[in-house]
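Numbering (mature numbering (1 follows the signal peptide of the UniProt record, and there is no 0)), first residue to last: -31 to -1, 1 to 430.
Written out as structure tokens, the structure is:
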């Protein structure tokens, strides 16, 4: 009996150690996105000049996500100094707090906090306060949509830091809010060789003294517990409209005051009242309670093509979605022929398999998804060429496998709720059209032969 207890204790200890190992995995482990496995935000810290008590550095933020962007109110970059550094000046950005600079007389630093947080400047900032790739209000586009606007940068002059490659130390504990939580940043690594800069005329190259890189990855689980979008489905061959699953993004009774009826006479005061933050969603009261709904409608069927209509509806009264995008996974994207009023790019996350497409609005036309209301939607139609070896309307094949809005996975209806193809559907007759003509000819010949023996049969025809 004692040996049995000892054996049991050993097994329990081994299980506890294994559980502890799993719980100690870094948050990056849950940040993997199969549709964008290499997506990340990279922070590059280039020291370009030494000063009497420190250095001047260019800090750049690169959004390498294919379809995840940073929307208003923009990014917020923080860190902890390794020593007792201060920020003398900053161009192209500003810290949110100055901190305690009472020990300085004469020249006052821009920031004396040990853990500063920097934000972007707004558009229209005076030119003498701007730096390259700054002043966009913290908004960063995704790399696929627009790689030029997927970069931000600012320049800082740091004091009390050391003035050589051997005495200077990289900042610690980087944090990135975009604009809320969701990103986990690693430690700063030295990059060799350092960054090289090419002059405007392209005839001279200079090199940074030191370059550090920090990689930040995103996790929807870290960012928020509730989803932000859902999917509804319909088709021409079935009158059933499959709505978003109930409570996809929350339930009304668990979040009082988080929604408002669309026809409420107090709507304007609730949306624009004092102290109302645009970051706090205020959605129209619906069974799904999602800020965004994506509707996929199988619209038409042709001999060699089929047509889909996509509608994106904003149910949030406090948020305009600028530079929005959709990522849709469907096996027929390898034969998409025409997309009306949306931009499109295949993502090919699995190499040769082209089953994922990215859609986004056309600039100055529908790249801004307005707040909930009459104008709070964008729509387009997609035309696919049929592949005879795979195409079917049966068993929900015509509906998407997954949909992402602005990088977040949307809640899909359960497969057993999809609109099914009725047994008497004309689509089935079209699929068997090769048998229809022989049957008609055989029937006509039969009536003609019977008509020779009994003329009354021809009268029936």
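Glycine included, C-beta positions come from ideal geometry on N, C-alpha and C.
Asked: Backbone secondary structure at residue 221 - three-state DSSP; Found: helix
Asked: Member of 384, 266, 207 and 301 whose CA lies at the smallest distance from the CA of residue 391; Found: 207
Asked: Validate contact between the stretch 286 to 295 and the stretch 339 to 353 using beta carbons, cut 8 Å, 3 pairs; Found: yes
Asked: Inter-residue CB distance, residue 151 and residue 126 (contact presumed, cutoff 8 Å); Found: That belief does not hold up - the Cβ atoms of residue 151 and residue 126 are roughly 31 Å apart, past 8 Å.
Asked: CA-to-CA distance, residue 101 to residue 61, given in whole angstroms; Found: 8 Å
Asked: First through last residue of the beta strand (DSSP E) which encompasses residue 18; Found: 10 to 19
Asked: Residue 177 - DSSP class collapsed to helix/strand/coil; Found: coil
Asked: The stretch 291 to 301 in contact with the stretch 366 to 384 per 3-pair CB rule at 8 Å; Found: yes
Asked: Same chain, Cβ closer than 6 Å to residue 383, neighbours up to 5 away in sequence not counted; Found: none
Asked: Cβ shell of residue 27 (< 7 Å), same chain only, five flanking positions each side left out; Found: 15, 17, 122 and 124
Asked: Buried versus exposed call for residue 254 [16 or more other C-beta atoms within 10 Å across all chains shown]; Found: exposed
Asked: Straight-line gap, residue 234 to residue 41 (C-alpha atoms, nearest Å); Found: 29 Å
Asked: Boundaries of the beta strand (DSSP E) in which residue 192 is found, first to last residue; Found: It is not in any beta strand (DSSP E) - residue 192 instead sits in the alpha helix (DSSP H) that spans 189 to 192.
Asked: Residues that DSSP places opposite residue 327 in a beta bridge; Found: 296 and 314
Asked: Neighbourhood of residue 314 by C-beta, 8 Å cutoff - its chain only, sequence neighbours within 5 removed; Found: 113, 326 and 327
Asked: Proximity to residue 267 [Cα-Cα], best of 259, 279 and 273; Found: 279
Asked: Of the listed residues 362, 37, 96 and 158, nearest to residue 205 (C-alpha basis); Found: 362
Asked: Under the three-state DSSP convention, the category residue 208 falls into; Found: strand
Asked: Length at least 3, wholly inside the stretch 74 to 155: the beta strand (DSSP E) runs in chain order; Found: 86 to 89, 120 to 128, 141 to 146 and 152 to 154
Asked: Three-way DSSP call (helix, strand, coil) for residue 302 in this model; Found: helix
Asked: Reduced DSSP category for residue 165 - H, G, I as helix; E, B as strand; rest coil; Found: strand
Asked: Buried or exposed (CB count within 10 angstroms, at least 16 for buried), residue 370; Found: exposed
Asked: Assigned exposure category for residue 344 - 16 Cβ within 10 Å defines buried; Found: exposed
Asked: Contacting residues, own chain, Cβ-Cβ under 8 Å from residue 274 (five flanking each side not counted); Found: 306, 352, 353, 354 and 355
Asked: Counted within 10 angstroms of its Cβ, other Cβ atoms place residue 54 as buried (16 or more) or exposed; Found: buried
Asked: Alpha-carbon spacing of residue 166 relative to residue 11, whole angstroms; Found: 18 Å
Asked: Integer Cβ distance of residue 57 from residue 83, believed to fall under 8 Å; Found: 15 Å between Cβ atoms; not a contact.
Asked: Whole-Å CB distance - residue 201 paired with residue 213, under 8 Å assumed; Found: 5 Å
Asked: Selection from 73, 137 and 108 that minimises the alpha carbon distance to residue 20; Found: 137
Asked: Bridge partners - residue 274, DSSP secondary structure assignment; Found: 354
Asked: Own chain, CB closer than 6 Å to residue 184, minus 5 neighbours either side, in chain order; Found: 9, 11 and 155
Asked: Alpha-carbon to alpha-carbon, residue 182 and residue 65; Found: 23 Å
Asked: Beta-carbon contacts of residue 131 that lie in its chain and below 6 Å, excluding the five residues immediately before and after; Found: 137
Asked: Beta carbon of residue 372 nearer than 9 Å to that of residue 321; Found: no
Asked: Close beta carbons around residue -26, own chain, < 7 Å, minus the five adjacent residues each side; Found: In this predicted model, residue -26 has a pLDDT of only 45, less than 50, meaning its place in the structure is not dependable; the value taken from the coordinates is given anyway. Around residue -26: no qualifying Cβ.
Asked: Selected residue, minimal CA-CA separation from residue 105, among 117, 96 and 90; Found: 90
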